[in-house]
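Visitor: Sharing a structure, written as structure tokens. Questions coming.
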Amino acid sequence: MARMTAARAAVEILKREGVTNAFGVPGAAINPFYRALKEGGGIDHTLARHVEGASHMAEGYTRTRPGNIGVCIGTSGPAGTDMITGLYSAIADSIPILCITGQAPVAKLHTEDFQAVDIASIAKPVTKAATTVLEAAQVPGVFQQAFHLMRSGRPGPVLIDLPIDVQLTEIEFDPETYEPLPVYKPAATRAQAEKAIRFLLESERPLIVAGGGIINADASDLLVEFAELTDTPVIPTLMGWGTIPDDHELNAGMVGVQTSHRYGNATFLESDFVLGIGNRWANRHTGYKLDVYRGDRKFVHVDIEPTQIGKIFAPDYGIASDAKAALELFVEIARELKAAGKLPDRSAWVASHLERKATLQRRTHFDNVPMKPQRVYEEMNKAFGPETRYVTTIGLSQIAGAQMLHVYKPRHWINCGQAGPLGWTIPAALGVSKADPETPVVALSGDYDFQFMLEELAVGAQHKIPYVHVLVNNAYLGLIRQAQIGLDINFQVNLEFENINSPELGVYGVDHLKVVEGLGCKAIRVTEPDQLLAAFEEAKKLAAEYRVPVVVEAILERVTNIAMSKTADISDVTEFEELATEPGHAPTAIRTLRV
């Protein structure tokens, strides 16, 4: 049998588990692993500027294509603690990433050695497993189990901590006979699927709530087929956006207290039955007024994680199943019912949702200078086509973007949902672009999200990873300022100052163009709405020519409130701006406004 270091065995396992890319920052305690990466070949490594950035790159990489698992690597001590936010983000949204850290020698783990921290204990709450490997011979089994855990059941991240002496120890390992462990996913039974369908048949105004679990299961085509067979409108969640194209007649829009459509909330409130698939009833979707959300409706909930069923509220019926396994049965049964002429006529219900979609719209066309953010998203709809992958995290920019942009395919809205860490967008976009360099990638940030990890733009410049980054700048913590309205304060959320080196900016403070160019990328500043479309087109050309990230900064009016509920109630959303009352007010809406 072949002898090799445990670090080399780990690298060989990564390759046999399908890993072709990794993101990280080397250091003394992980250098033996980096030597094994170099000697083993076959894995392309992207050098990050910050280890948290590497973890977000790994998440973006995973989320881009079915089967991808992003890998991030760091040294001991602070590198591991820097990854905790990335692990939290991944577990919150059911995303598998593998974090590998170096560690002090086994004998020094309890002697307060330099950069020796019990990272496995720190990471346990935000991973499916976190292990410090104390015996070199266990390394192959720990890595094999890691991939099994990441892929089985509800996907999620794993951390493996490798003491430096463990990495260097030679072990017996034969890569040629290595095989990944079988993946376990719970699957619905025919009887369970038939019972769920009975709820659907007995309803008059049913809806499907399509969550991110459908995307994780690569089952969007099945969802669309099932919706079409049964003529059931679909409400995608923020994490499930793209499971059904926005322009599909059965896409009823999103529901929630923030990232929602007027017509989506209105249609949901008219429904009498909801089939949730691969969703977790997140509070930004349901609001906190669960009595309003639940109403007199009946609910069936399908989720891969059994303990997720009943966590927020008890459904009328729950099925623990992988979304694809459940949808395969739903489609099979629906085909049989259709052939037997037993599916009810839903044409009136579908027509009513389409009427709401054509009449309940928000205005996007404003000519104000400084610009209103709504106009930015309108011009983005014109500039970026249905192939675009959007990447964003949290803030008014994300909320407004979700209300006004259009998504047509799964994995084309890559959004950090539950954790929402500022700074996620730039590194995640780099991971997405690395995973799929052929598809246009457009990131969306407010100024504060952008400033959190902007050093990662240098990664894009160094490694030639092009994408377009739309930066909406109002020199405010806009979402937090808006959340403070109910407290009657406006405190510590104002980012304005006069930049002594860039007086032309007025009070907008940070000169993002100089910073971006200093990091080796390209940047364009736009101050008037009529300049936006040309700037986006120029950004696409610059990204293609120079193969670097290109930032388009839109200077916004200082204060704009984006539609959302002040009471966390989906029936009580405040519309701060005037609504669309003629087609020219919302020229890029999915359906032409009917007046």
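Read left to right, the sequence shown gives residues 646 to 1240 (the working numbering). Positions of the beta carbon are idealized from the N, C-alpha and C atoms, including for glycine.
Can you tell me the Cα-Cα spacing of Y1112 and I842, whole angstroms?
Guide: Taking the sequence shown and counting its residues from 1, the one referred to as residue 1112 is at position 467. Taking the sequence shown and counting its residues from 1, the one referred to as residue 842 is at position 197. So the alpha carbons of these two residues sit roughly 43 Å apart.
Visitor: Taking the CB atoms as reference points, tell me whether A968 and A864 lie closer together than 8 Å.
Guide: Position 323 of the sequence shown, counting from 1, holds the residue named residue 968. Position 219 of the sequence shown, counting from 1, holds the residue named residue 864. The answer is yes: Cβ separation under 8 Å.
Visitor: Please classify I1130 as buried or exposed, where buried requires at least 16 other C-beta atoms within 10 Å of its C-beta.
Guide: Counting from one through the sequence shown, the residue named residue 1130 turns up at place 485. With fewer than 16 Cβ atoms within 10 Å of its Cβ, I1130 is classed as exposed.
Visitor: Please state whether the Cβ-Cβ distance between D727 and Q1063 is less than 8 Å.
Guide: Stepping through the sequence shown from its first residue, residue 727 is reached at position 82. Stepping through the sequence shown from its first residue, residue 1063 is reached at position 418. No; because the gap between Cβ atoms is not below 8 Å, this pair is not in contact.
Visitor: Taking one C-beta from the segment 1136 to 1146 and one from the segment 1168 to 1177 each time, how about it: are there three or more such pairs within less than 8 Å?
Guide: They do not touch, by the three-pair rule.
Visitor: Which residue wins for smallest C-alpha separation from F918, given the options V1195, I853 and V1160?
Guide: If you number the sequence shown from 1, residue 918 lands on position 273. Closest by alpha carbon: I853.
Visitor: How far does the beta strand (DSSP E) with I742 in it reach, from first residue to last?
Guide: By one-based count along the sequence shown, residue 742 stands at place 97. Unbroken beta strand (DSSP E) run through I742: I742 to Q748.
Visitor: Below 8 Å CB to CB, which residues in the same chain sit around S1147 once its five sequence neighbours on both sides are set aside?
Guide: In the sequence shown, residue 1147 corresponds to position 502, counting from 1. Excluding positions up to five away in sequence, the list reads D1156 and K1159.
Visitor: Which residues bound the beta strand (DSSP E) around M1049?
Guide: Numbered from 1 along the sequence shown, position 404 holds the residue referred to as residue 1049. That residue, M1049, is in no beta strand (DSSP E); its alpha helix (DSSP H) goes L1041 to M1049.
Visitor: What's the C-alpha gap between N910 and A674?
Guide: The residue labelled residue 910 in the question sits at position 265 within the sequence shown. The residue labelled residue 674 in the question sits at position 29 within the sequence shown. Rounded to whole angstroms, N910 to A674 spans 52 Å at the Cα level.
Visitor: Rounded C-beta distance between A651 and Q812? I'm assuming under 8 Å.
Guide: Translated into the one-based positions of the sequence shown, residue 651 becomes position 6. Translated into the one-based positions of the sequence shown, residue 812 becomes position 167. That belief holds up - the Cβ atoms of A651 and Q812 are roughly 6 Å apart, short of 8 Å.
Visitor: Compute the distance between the beta-carbons of A703 and F678, then report whether it is under 8 Å.
Guide: Locating residue 703 in the sequence shown gives position 58, counting from the first residue. Locating residue 678 in the sequence shown gives position 33, counting from the first residue. No; because the gap between Cβ atoms is not below 8 Å, this pair is not in contact.
Visitor: Under the three-state reduction of DSSP, which class applies to G686: helix, strand or coil?
Guide: Taking the sequence shown and counting its residues from 1, the one referred to as residue 686 is at position 41. Note: G686 maps to coil in three-state DSSP.
Visitor: What did DSSP end up calling W1069 once you bin it into helix, strand or coil?
Guide: As a first step, residue 1069 is located in the sequence shown; it is residue number 424 there, counting from the start. If DSSP states are grouped into helix, strand and coil, W1069 belongs with coil.
Visitor: Whole angstroms is fine: what's the gap from W1069's alpha carbon to T1037's?
Guide: Locating residue 1069 in the sequence shown gives position 424, counting from the first residue. Locating residue 1037 in the sequence shown gives position 392, counting from the first residue. Approximately 8 Å between the Cα atoms of the pair.
Visitor: By DSSP, does W886 sit in helix, in strand, or in coil?
Guide: Counting from 1 along the sequence shown, the entry for residue 886 is found at position 241. It is coil, neither helix nor strand.
Visitor: Which partner residues does N1118 have in the DSSP bridge list?
Guide: Locating residue 1118 in the sequence shown gives position 473, where the first residue counts as 1. DSSP, once it has assigned bridges, lists I1200 as partnering N1118.
Visitor: Under 8 Å, do G932 and V976 count as touching if we go by C-beta distance?
Guide: Along the sequence shown, one-based indexing puts residue 932 at 287. Along the sequence shown, one-based indexing puts residue 976 at 331. No. Outside cutoff.
Visitor: Have a look at E757 and Y1022 and give me their C-alpha separation to the nearest angstrom.
Guide: Indexing the sequence shown from 1 puts residue 757 at position 112. Indexing the sequence shown from 1 puts residue 1022 at position 377. Their backbone Cα atoms lie some 52 Å apart in a straight line.
Visitor: Are the beta-carbon atoms belonging to T746 and L804 less than 8 Å from one another?
Guide: Position 101 of the sequence shown holds residue 746. Position 159 of the sequence shown holds residue 804. Yes, the pair counts as a contact, with Cβ atoms nearer than the cut-off.
Visitor: Considering only the beta carbon of each residue, do V1104 and A693 sit closer than 8 Å?
Guide: Here residue 1104 refers to the residue found at position 459 when the sequence shown is read from its first residue. Here residue 693 refers to the residue found at position 48 when the sequence shown is read from its first residue. Contact flag set, yes.
Visitor: Considering only residues of the same chain and omitting the five flanking positions on each side of P671, which have a CB-CB separation below 6 Å?
Guide: Locating residue 671 in the sequence shown gives position 26, where the first residue counts as 1. Excluding residues within five positions, the ones whose Cβ falls inside 6 Å are Y679.
Visitor: Once DSSP output is grouped into helix, strand and coil, what is the label at R648?
Guide: Against the sequence shown, residue 648 aligns to sequence position 3. R648: strand per DSSP, three-state reduction.
Visitor: Comparing alpha-carbon positions, which option in K934, I949 and Y1093 lies nearest F958?
Guide: For the purposes of this step, residue 958 is taken as the residue at position 313 of the sequence shown. Of the listed residues, the one whose Cα sits closest to F958 is K934.
Visitor: What residue range is occupied by the uninterrupted beta strand (DSSP E) comprising I853?
Guide: Taking the first residue of the sequence shown as position 1, residue 853 is located at position 208. I853 -> beta strand (DSSP E) spans P851 to A855.
Visitor: Is it true that the CB of A833 sits closer than 8 Å to the CB of I740?
Guide: The sequence position of residue 740 within the sequence shown is 95, counting from 1. The sequence position of residue 833 within the sequence shown is 188, counting from 1. No, Cβ-Cβ distance for I740 and A833 is not below 8 Å.
Visitor: Is F1095 helix, strand or coil when you go by DSSP?
Guide: By one-based count along the sequence shown, residue 1095 stands at place 450. Here F1095 sits in helix by DSSP.
Visitor: Going by DSSP in three states, L779 sits in which element: helix, strand or coil?
Guide: Translated into positions along the sequence shown, residue 779 becomes position 134. Correct three-state label for L779: coil.
Visitor: Could you give the DSSP three-state label for R907: helix, strand or coil?
Guide: Walking along the sequence shown from the start, residue 907 turns up at place 262. Helix, per DSSP.
Visitor: Spell out a yes or no on whether the segment 1081 to 1100 and the segment 1030 to 1047 are touching, meaning 3 or more CB-CB pairs, one atom from each, closer than 8 Å.
Guide: Segments in contact, yes.
Visitor: Pick helix, strand or coil for G963, following the three-state DSSP scheme.
Guide: The count along the sequence shown starts at 1 and reaches residue 963 at position 318. Here G963 sits in strand by DSSP.
Visitor: Grab me the residues of F1029's own chain with a C-beta within less than 6 Å of its C-beta, minus the 5 sequence neighbours each way, in chain order.
Guide: The residue you call residue 1029 lines up with position 384 of the sequence shown. Around F1029: V1087.
Visitor: Excluding five sequence neighbours on each side, which residues of the same chain lie with their C-beta closer than 7 Å to the C-beta of R796?
Guide: One-based indexing of the sequence shown puts residue 796 at position 151. Hits under 7 Å: P741 and V828.
Visitor: Which residue's Cα is closest to the Cα of P800: V771, N666, N1206 and G685?
Guide: As a first step, residue 800 is located in the sequence shown; it is residue number 155 there, counting from the start. If we check each option's Cα against that of P800, V771 comes out closest.
Visitor: Once DSSP output is grouped into helix, strand and coil, what is the label at W926?
Guide: Here residue 926 is taken as the residue at index 281 of the sequence shown, counted from 1. Coil at W926, not helix or strand.
Visitor: Can the beta-carbon of D806 be found closer than 8 Å to that of A765?
Guide: To locate residue 806, count along the sequence shown from 1; it is residue 161. To locate residue 765, count along the sequence shown from 1; it is residue 120. Yes, Cβ-Cβ distance for D806 and A765 is below 8 Å.
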